[in-house]
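If you're matching them up, the sequences are chains A and B in order. Taking the numbering used here, the leading residue of the first sequence gets 84, the next gets one more, and so forth. Taking the numbering used here, the leading residue of the second sequence gets 166, the next gets one more, and so forth. Every residue gets a Cβ at the ideal spot worked out from N, C-alpha and C, and that includes glycine. Report on the following structure.
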Amino acid sequence: MSTAPTTDSLLVEQIRAGKPEAWNQLIAQYEGRLLAFAESRLRGRSAAEDVVQETFVGFLTSLPNYDSRRPLEGYLFSICAHKLTDFLRREGRRPVIPLSSSARDSAGAWDLPGSARHASSILRSGERRSLEAAALVEAVGGEIERWQQRGDWQKMKCIELLFVCGMPNKRVAEQIDLSEQQVANIKFDFLAKLRSLVRKQNLSVDVFPELYVPE
Amino acid sequence: MSRAFTTTELEAYLDEALQPEAMERIEHALRGDDSVVQQLAEINARRDAGVHTLGAIWRRARLSCPSRDQLGSYLLDALPEELADYVRFHLETVGCRYCQANLADLRARLERAGSDREADSRQKRYFQSSAGYLKKREK
């Protein structure tokens, strides 16, 4: 449902050209939501403001790698989430996980310089992954659009609870007042559609194991 | 053996996408429960190997997030009932932190419309601390 307004691309273009008023405008436009995001986790205004400050600096330093087709808000939130993680690690609140290199994968290109991984392997696998993810985004996005047009909100809620919240069928059924069988049918149809798309696009089934898990 | 957290929950934890209380529960568990550490390490290994999950892709692309305009209309109680019901579900049941942050921002803007001196001075500070990076690019 979220779309990147073209005004964002224009704003970024002006920031790339070094126009301070455009940078000011971006800050005014996005600081409130970034602050609210950071503050919900930190429960302290001044720490949240520090994280947002680092986010804006992170945005400017990563600007050469930013693809303007990517929604600006999502990009800023992803930088903010990583700055938040870094802050919590520094504070000792967030333990470091072994093999945590992928915890930074979602950041896009903005933090690649300085990463401990070999850049060539990251970029190669990153390109392939992006293509696979884009195919899935298109397929799921298409389904969501159809549900919205038909006003099929129940189906949308069902799939979101199953795959985004990871709830088992039984809990989903209780949550949105469907039978377990109805939930299982919706899930079956949805997965079948995605499997068909993966086959059509000649994508490797190995990288989408979730689509092939037997009920 | 039943696990304390589902894979989907831990994926969302790595993406900083769970509700703050749930994030804290996992952080707490990570300090004393090796099986949770192991579970997260397995997820990381799968991610490194290029395995996708629907939940992670859905979250990152924000496939079902209402637009900011829709959130604004929701705040003003101006959405059709069915859409408003879905937005409520997305905010409260799914607990989308990005949309919650947007809503909090919209609410704050609505409340403080008019006197905005504090925000102005904060924004000035952000600008001053980052504009140096902007000028470097100008050359």
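DSSP state of His193(B), grouped into three classes? helix
Measure from the alpha carbon of Lys276(A) to the alpha carbon of each residue in Asp169(A), Ile242(A), Asn252(A) and Val135(A), then state which is nearest. Ile242(A)
Within the continuous alpha helix (DSSP H) that includes Asn107(A), where are the two ends? DSSP places Asn107(A) in the uninterrupted alpha helix (DSSP H) bounded by Pro103 to Leu125.
So which residues of chain A does Glu192(B) contact, with C-beta pairs closer than 9 Å? Leu171, Arg176, Arg177 and Pro178
Quick check: the region 151 to 160 of chain A against the region 105 to 118 of chain A, are there 3 or more CB pairs under 8 Å? yes
As assigned by DSSP and simplified to three states, the class of His255(B): helix
Where Arg227(B) sits in the DSSP three-state scheme: In this structure, Arg227(B) counts as coil in the three-state DSSP scheme.
Can you give me the Cβ contacts of Lys304(B) inside the same chain, cut-off strictly under 6 Å, excluding the 5 residues immediately before and after it? Residue confidence is low: Lys304(B) scores 46 on pLDDT, short of 50, so the model does not pin down where it sits. Its coordinate-derived value is still stated next. Sequence-distant partners of Lys304(B) (beyond 5 residues in either direction) whose C-beta falls short of 6 Å from its own C-beta are missing from its chain.
Which residues in the same chain have their Cβ closer than 7 Å to the Cβ of Leu206(A), if we skip the five residues on either side of it in sequence? Because the pLDDT at Leu206(A) is just 46, under 50, the model does not fix this residue reliably, and the point stays unresolved.
Please classify Gln136(A): is it buried, with 16 or more other beta-carbons within 10 angstroms of its beta-carbon, or exposed? buried
If we define contact as Cβ-Cβ less than 8 Å, is Ala278(B) a contact residue for chain A? It does not; no Cβ of chain A falls within 8 Å.
Kindly confirm or deny that the region 266 to 282 of chain A and the region 196 to 212 of chain B touch, where touching means at least three C-beta pairs closer than 8 Å. By the C-beta criterion, the region 266 to 282 of chain A is judged not to be in contact with the region 196 to 212 of chain B, since fewer than 3 inter-stretch pairs fall below 8 Å.
Less than 8 Å separating the beta-carbons of Arg272(B) and Leu241(B)? no
Taking Ile242(A) as part of the alpha helix (DSSP H), name the residues at either end of that continuous run. Trp236 to Phe246
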